[in-house]
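Using our numbering, read the sequence shown as starting at 2 and increasing by one per residue. Note that the Cβ used here is the ideal one computed from N, Cα and C, for glycine as well. If you're wondering where the values come from, they're calculated on a predicted model, not measured in any experiment. Structure, as structure tokens:
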Amino acid sequence: MPSVWDSTSIKGLELENRFIRSATGSGKADKQGYVTPKLTEHIMELVEGGVGLIISGHVGVHPNGRISAQQLFLYSDAYIPKLAVLVKKVKKNNGKIVAQLNHGGTTSNLDLTGTYPISSSVSDKTNPNTREMTPRDIEEIKSAFGAAANRAKKAGFDGVQLHAAHGYLISQFLSPIYNKREDEYGGNVENRARLACEIYEEVREFVGDDYPVMIKMNVTDFLEGGTSTMDAIETASIFEPWVLTL
Numbered sequence: 002m003p004s005v006w007d008s009t010s011i012k013g014l015e016l017e018n019r020f021i022r023s024a025t026g027s028g029k030a031d032k033q034g035y036v037t038p039k040l041t042e043h044i045m046e047l048v049e050g051g052v053g054l055i056i057s058g059h060v061g062v063h064p065n066g067r068i069s070a071q072q073l074f075l076y077s078d079a080y081i082p083k084l085a086v087l088v089k090k091v092k093k094n095n096g097k098i099v100a101q102l103n104h105g106g107t108t109s110n111l112d113l114t115g116t117y118p119i120s121s122s123v124s125d126k127t128n129p130n131t132r133e134m135t136p137r138d139i140e141e142i143k144s145a146f147g148a149a150a151n152r153a154k155k156a157g158f159d160g161v162q163l164h165a166a167h168g169y170l171i172s173q174f175l176s177p178i179y180n181k182r183e184d185e186y187g188g189n190v191e192n193r194a195r196l197a198c199e200i201y202e203e204v205r206e207f208v209g210d211d212y213p214v215m216i217k218m219n220v221t222d223f224l225e226g227g228t229s230t231m232d233a234i235e236t237a238s239i240f241e242p243w244v245l246t247l
């Protein structure tokens with residue numbers, strides 16, 4: 002049986018061991034979403050500790066999806082240079098790092114974005130100011146994920162992870178407790194997974210076929226009427242043709 006200390010590879014990405022640091026929101030970017038010395042120090046501590054792969058805290062793909070005041074962003078090319086310096090430092094020390102791409106959806110902070118939050122639909126679980134996404138909104142967000150993935154690749158990240166968990170935007174489409182839509186993006190599990198699949202396809206258009214693209218999803222919402230374990234299994238089977246395996 003393989004040990005956690007054994008090397009492995011993900012879509013050609015060679016890892017020295019199987020320790021993967023799952024993404025957490027570090028809150029160490031500056032108020033404009035740029036890398037800071039404090040964030041660099043935090044990441045380098047993980048590298049020096051021997052973590053095989055670091056997945057960054059949620060990196061915002063669109064200004065209207067901002068969750069916190071000190072969140073990293075990649076919705077503009079202006080963010081690439083400082084991120085590239087960070088990534089170069091990680092690699093110089095034999096580390097590997099993936100950018101987790103995210104949009105807050107109904108959890109986006111109105112005080113920070115200046116716009117009402119958007120989500121799959123409006124329900125008793127969404128922020129009272131939330132509005133349901135229009136087809137135009139959906140296309141804009143898909144493009145934002147694709148463009149952000151391209152910027153992550155340009156900055157030197159070893160791959161990207163789509164954040165489809167923890168009640169953020171993609172998760173809000175997957176979960177029936179949030180998603181009350183009556184179009185092709187709502188209803189059964191296949192329809193609720195449609196946005197995630199289309200975002201993946203958009204990302205692939207930008208980064209090509211060989212670049213690692215991962216996804217993080219919930220097995221359950223732990224909410225009555227939310228995503229069930231069986232929903233998650235069906236969703237995973239939909240994602241299976243394109244998700245990465247070790």
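Residue i: buried (16+ other C-beta within 10 angstroms of its C-beta) or exposed?
{"i": "T246", "result": "Low local confidence applies: a pLDDT of 46 at T246 is under 50, so the model's placement there is unreliable, and no value is given."}
{"i": "P3", "result": "exposed"}
{"i": "K89", "result": "exposed"}
{"i": "I21", "result": "buried"}
{"i": "P242", "result": "exposed"}
{"i": "T236", "result": "buried"}
{"i": "G53", "result": "buried"}
{"i": "P38", "result": "exposed"}
{"i": "T131", "result": "buried"}
Give a yes or no on whether the C-beta atoms belonging to residue i and residue j are separated by under 9 Å.
{"i": "A166", "j": "L75", "result": "no"}
{"i": "G34", "j": "G58", "result": "no"}
{"i": "K97", "j": "I55", "result": "yes"}
{"i": "F240", "j": "A150", "result": "no"}
{"i": "I234", "j": "L163", "result": "no"}
{"i": "N18", "j": "G51", "result": "yes"}
{"i": "L102", "j": "V36", "result": "no"}
{"i": "D232", "j": "P177", "result": "yes"}
{"i": "R152", "j": "D78", "result": "yes"}
{"i": "E199", "j": "N192", "result": "no"}
{"i": "S121", "j": "L196", "result": "yes"}
{"i": "G28", "j": "Q72", "result": "yes"}
{"i": "K12", "j": "G209", "result": "no"}
Assuming residue i contacts residue j (C-beta within less than 8 Å), just tell me the rounded distance between them.
{"i": "M45", "j": "N94", "result": "7 Å"}
{"i": "S109", "j": "G66", "result": "5 Å"}
{"i": "S124", "j": "Y179", "result": "6 Å"}
{"i": "P213", "j": "V48", "result": "P213 to V48, Cβ: 18 Å. No contact."}
{"i": "A30", "j": "L16", "result": "26 Å between Cβ atoms; not a contact."}
Between the Cα of residue i and the Cα atoms of the options, which residue gives the shortest distance?
{"i": "H43", "options": "H164, A70, K12 and V91", "result": "V91"}
{"i": "E1", "options": "T127, A24 and K143", "result": "A question about residue 1 goes unanswered here, because the residues of the chain that appear run from 2 up to 247."}
{"i": "D112", "options": "S69, A145 and V86", "result": "S69"}
{"i": "K32", "options": "A24, Y80, A197 and S23", "result": "Y80"}
{"i": "G106", "options": "P64, P38, D210 and V220", "result": "P64"}
{"i": "K126", "options": "A85, L87, Y169 and P136", "result": "Y169"}
{"i": "A1", "options": "V161, Q71 and M218", "result": "Residue 1 lies beyond the residue range present for the chain, which begins at 2 and ends at 247; the question has no answer from this structure."}
{"i": "G26", "options": "T9, H104 and T131", "result": "H104"}
{"i": "F158", "options": "S172, P118, E141 and L14", "result": "L14"}
{"i": "N128", "options": "E140, K154, A145 and Q173", "result": "Q173"}
Please determine whether the Cβ atom of residue i lies at a distance below 8 Å from any heavy atom of the ligand ADP.
{"i": "G51", "result": "Ligands displayed in this structure: none; no statement on the ligand ADP is therefore possible."}
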